[in-house]
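Below is one structure, written out as C-alpha cells; comments come after it.
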Amino acid sequence: MEERIDVFLELFREELPEYLLKLEKDAISKNVPILGHTTADILRFYLRSLHVKNVLEIGTAVGYSALFMRECANDLFITTIEKIDQRYEEALSNFNKYDKDSRITPIKADAMDAIVSLKKEEKRFQLIFLDAAKGQYSAYLPILIDLMEEGGVLIADNIFHNGAVVESRYAVTQRDRTIHDRLREFLKDITEHEKLDTLILPVEDGVAICQKK
Ligand code: SAH
Ligand code: MG
C-alpha cells in the first residue's frame, strides 16, 4: 500500500532537474545518505511559504539536499556544514558544477564548532535543516534556537533513527542505545520547549518541524 502511494505521489511532484536526478542515483548507489522525497517536499513547502532567504544546513554529505533547496527559489542562500573531508570535497566539486551563482556557502567543521561561531557572528536563519549527528541534536538545540529568526522553522531529519527510537531500550545495541536515548531526549525537548511549536511527522525516517514563536 505504502509503495503504491509513493508511486502515485510521484505523479504530482515537481520535476527535478536532470543533474539532481543523477546525483540522487549516484548517492543511493554509493550508500551516501540523502533526504527522502517527502522530506524534500516538506522543505520545498516551507522554503516557499515562508519566503525563506537564508538557510542553515547541518550535514551536507555530497550536497544533494543543499542543491535541492537551492532549486526551490532563486533568491535563497544556504550555509551548509560537513565534517568529513571526503564528503566535503565531493560536495565542493558538485557546488562548483551546479551552484553557478555561488548561493551555497560550505563550511568544513564539526557542527558544534560551526554553529557556535555562527552565533558569535550573530547570523540568523529562517530555516534550519538538521540532518547530522543524531546523538547531538539535543546539545545543538539551544544554539539553533538562538540562530533562528522568530517565525522561522527547524526541520530535523531521521528522528526515528531507522525506527530504533521506538524499540525497547533493551532491544538495541549499546551504541544505538545512546543515540536512541538522546533522540528521545531531543523529542522531549522540542515538544516541551516554551519557544517552539512542534510537529512530529512519521514520514520516511521521521521528521520534526519546530517553529520559533
Ligand atoms: N543533508 C544530506 C545528507 C546528510 S547525511 C542530504 O540529504 O543530501 C549526514 C552528514 O552529516 C554526513 O555526511 C556526516 O558526515 C555529517 N556529519 C555527521 N556528524 C557531523 C558533525 N558532528 N558535524 C558535521 N557534520 C557531521
Ligand atoms: Mg537525513
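Going by the numbering used here, the sequence shown wraps up at 415, each residue one higher than the last.
Positions of the beta carbon are idealized from the N, C-alpha and C atoms, including for glycine.
Item to check | Candidates Q413, E291, F210 and L225, of which the one nearest L329 by Cα | outcome: Q413
Next on the checklist: Quick check: is any heavy atom of the ligand MG less than 8 angstroms from the C-beta of P235?
Outcome noted: yes
Item to check | Among I345, G337 and Y372, the one whose alpha carbon lies nearest that of F362 | outcome: G337
Next on the checklist: Under DSSP, the alpha helix (DSSP H) around I230 begins and ends at which residues?
Outcome noted: E220 to S231
Item to check | F214 burial status per 10 Å Cβ neighbour count (16 or more: buried) | outcome: exposed
Next on the checklist: On the DSSP letters alone, give me the boundaries of the alpha helix (DSSP H) that I244 sits inside.
Outcome noted: H239 to S251
Item to check | For T400, the residue or residues it bridges with in DSSP | outcome: C412
Checklist entry - Measuring from the CB of F331, is there a heavy atom of the ligand SAH at a distance below 8 angstroms? => result yes
Checklist entry - DSSP three-state call for E418: helix, strand or coil? => result Residue coverage of the chain in this structure runs from 203 to 415, which leaves residue 418 outside it and unanswerable.
Checklist entry - Can you give the Cα-Cα distance for I230 and A313, rounded to whole angstroms? => result 24 angstroms
Next on the checklist: Tell me whether the region 303–311 and the region 221–230 touch, counting them as touching only if at least three CB pairs, one residue from each stretch, are closer than 8 angstroms.
Outcome noted: no
Checklist entry - How long is the line joining the alpha carbons of A311 and S319, rounded to whole angstroms? => result 11 angstroms
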